[in-house]
Structures are given as C-alpha cells and as structure tokens.
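Protein sequences, first through last, are from chains A and B. Counting in the working numbering, the first sequence runs from 66 upward without gaps. Counting in the working numbering, the second sequence runs from 2 upward without gaps. Below is one structure, written out as structure tokens; comments come after it.
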Amino acid sequence: MSEDSGAALPPYVLDVSVLAEVARGDRGTMLLLAELDSRGRPLILPALAVTGASLDMRDDAAGELLEGVGRLEGAFTAPLRDAEQAVALAAVIAKTGLDPWDAHAAAVADASVCHILTLNGTKWRQHARDLDEPLYFIEIADPDDEDR
Amino acid sequence: MSERKTRLTVTIDPHLAAYAERLVDAGKAESVSAVVNGALADRAEKDRRITRRWEETVAAATDEDRAKAARMLARIEEHTGR
C-alpha cells in the first residue's frame with residue numbers, strides 16, 4: 066500500500082496513550098504504526114511522551130518496544146533541545162494544565178502544525194483550544210475502547 | 002572477529018576520551034580503540050535486540066490484532082479523507 070502522491074506527508078505526533086499501548090506490547094497498535102511507517106508517514110515521538118509511557122510500564126521489554134518505535138524508518142524523537150524549548154514547554158503546561166508528557170506532545174504538534182494520534186480523545190477535546198492555535202488530533206480508539 | 006581492523010578518525014567528547022584513557026591506565030581495556038570498539042559492539046547488539054523484540058512481537062499478531070490495526074487505520078482515513 067502506498068500513500069505516495071509526490072508530496073511529503075505531514076507527520077503524526079504520538080501521544081502517551083498510543084506509546085503506552087506499544088510499551089504494553091499491544092500488537093494492533095504496533096501493526097498500525099508499522100503500516101503508517103511503510104506508507105511513508107513520518108511519526109514524531111515527543112521525548113517526554115516516551116517518558117510517560119515508560120512510567121506506565123516499567124520493564125526491559127517495554128523499554129525495548131518503545132525504542133523500537135523510534136527505529137521505524139520515518140520515526141524520530143523530538144527532544145527538549147535547549148532552554149528555550151524547556152521554557153516554552155513550561156508555558157504550555159501552565160496554559161493547559163496538562164501533564165508534562167501530554168504538554169510536550171501538544172507543544173510539538175503546535176509547533177509543527179500536525180495531528181496528534183491518540184487513544185484518549187476526551188483529553189484532547191478538553192484542551193484543543195487552550196493554546197493560541199487549536200490543536201488537531203485523531204482519535205484512533207475503538208468506540209468501546211475509548212477514554213482510558 | 003578476525004578480520005583486519007579499519008582505521009577511523011572520530012571526534013568524541015573530551016570527558017569520554019578521558020574516561021577511555023582512564024580505563025586503559027587502570028588496565029581495564031587494552032587501548033582507547035578497544036574501548037570505542039566495545040562501545041560500538043554493545044550498541045550494535047542493543048539495536049539487534051530491539052529490532053528482534055519488535056519483529057517477534059509483531060510476528061505474533063493474530064487476526065484480531067490485524068483487525069484492530071485496520072479499524073484504527075480506518076479511523077485515521079475517515080479523518081483525513083485518505
């Protein structure tokens with residue numbers, strides 16, 4: 066399958082809910098990410114979202130699965146690069162009241178104007194208008210599996 | 002590995018260079034090159050382990066897992082129109 070239409074596809078930002086499923090070894094979520102990657106869709110892993118997902122599942126296997134997402138061809142980890150970004154993240158936390166891991170996903174999505182992939186649409190609906198520009202997200206959970 | 006070593010010029014952080022030299026001075030490594038070689042070998046092994054973990058987990062996917070992935074993909078496509 067290919068989404069190749071000549072233009073580069075905009076990335077998706079993975080939030081902590083998606084990354085936590087990977088950490089738990091959820092094969093459906095892993096297959097989805099592998100499929101998106103094979104279609105040339107860049108995937109951004111906010112470093113603090115990886116931290117949040119890792120807190121959710123503390124063992125070597127979970128850590129290796131999280132690192133495995135970062136090794137997909139089009140995946141890259143968005144770090145907190147410098148003091149300026151760290152201060153900007155604090156501003157997002159203050160404005161939204163989100164946890165640092167979600168705030169980092171919000172900051173990355175806001176800066177790169179791209180969608181957040183999430184299993185928790187309720188959270189992002191609550192915070193989508195907290196910043197100067199709206200946050201865009203795609204809820205990928207099954208309707209009967211939402212809002213964990 | 003028995004093949005001939007490749008000569009390589011690399012730039013590393015001063016504190017790491019100092020650490021490698023301390024290992025050599027303490028007799029815990031044969032040379033700075035051996036320290037760097039060992040670190041790269043460790044990194045390669047870690048990369049292989051991570052890739053293996055990912056591939057083995059995905060390879061164990063059931064029809065239910067594949068159906069779940071397809072439903073999530075459909076939700077994305079509904080949203081983006083592609």
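Using N, Cα and C, we set each Cβ at its ideal position, and we do this for glycine too.
Sorted by chain position, which residues of the same chain lie with C-beta nearer than 7 Å to residue i's C-beta, five sequence neighbours on each side aside?
i      : result
B/V33  : A21, E22 and V25
A/D212 : In this prediction, A/D212 scores a pLDDT of 46, lower than 50, which makes its location untrustworthy; the coordinate-derived value is nonetheless stated afterwards. Taken in chain order, the residues that qualify are N185 and T187.
A/D175 : L196, E198 and L200
Taking C-beta pairs closer than 7 Å, name the residues in chain A that residue i reaches, listed in chain order.
i     : result
B/V59 : R92, M95, L96 and A99
B/I77 : I203 and I205
B/R50 : E129
B/H80 : I203
B/K69 : G93
B/L41 : Near B/L41 there are no residues of chain A at all, since even the closest Cβ is about 17 Å away, more than 7 Å.
B/R54 : A126, E129, L130 and G133
B/D66 : R92, G93 and L96
B/R72 : D207
How far does the alpha helix (DSSP H) with residue i in it reach, from first residue to last?
i      : result
A/T116 : A112 to D121
A/V83  : V81 to A88
A/A153 : A148 to T161
A/A168 : P165 to S177
B/E65  : D64 to T81
B/A18  : P15 to D26
A/T94  : R92 to S103
A/E129 : D125 to G135
Between which two residues does the beta strand (DSSP E) carrying residue i extend?
i      : result
A/E204 : F202 to E204
A/A140 : A140 to A143
Give the residues of chain A in contact with residue i, contact being defined as C-beta atoms less than 9 Å apart.
i     : result
B/A62 : R92, G93, M95 and L96
B/R1  : Here chain B has residues from 2 to 83 only, and residue 1 of chain B is not among them.
Closer than 6 Å by C-beta to residue i: which residues in its own chain qualify, once you throw out the five before and the five after it? Chain order, please.
i      : result
A/M122 : A88 and R89
A/S103 : none
A/P107 : P76 and G139
Can you name the residues that DSSP bridges to residue i?
i      : result
A/T183 : A/E204
B/V84  : With chain B running from 2 to 83 in the structure shown, residue 84 of chain B is simply not present.
A/I109 : A/V78 and A/F141
Could you name the residues of the same chain whose beta carbon sits closer than 8 Å to that of residue i, not counting the 5 residues immediately before and after it, in chain order?
i     : result
A/S67 : Because the pLDDT of A/S67 is 46, which lies under 50, any placement of that residue in the model is unreliable, and the question is left without a value.
Where the stretch 120 to 153 of chain A meets chain B: residues whose CB sits under 7 Å from a CB there
A126, E129, L130, E132, G133 and R136
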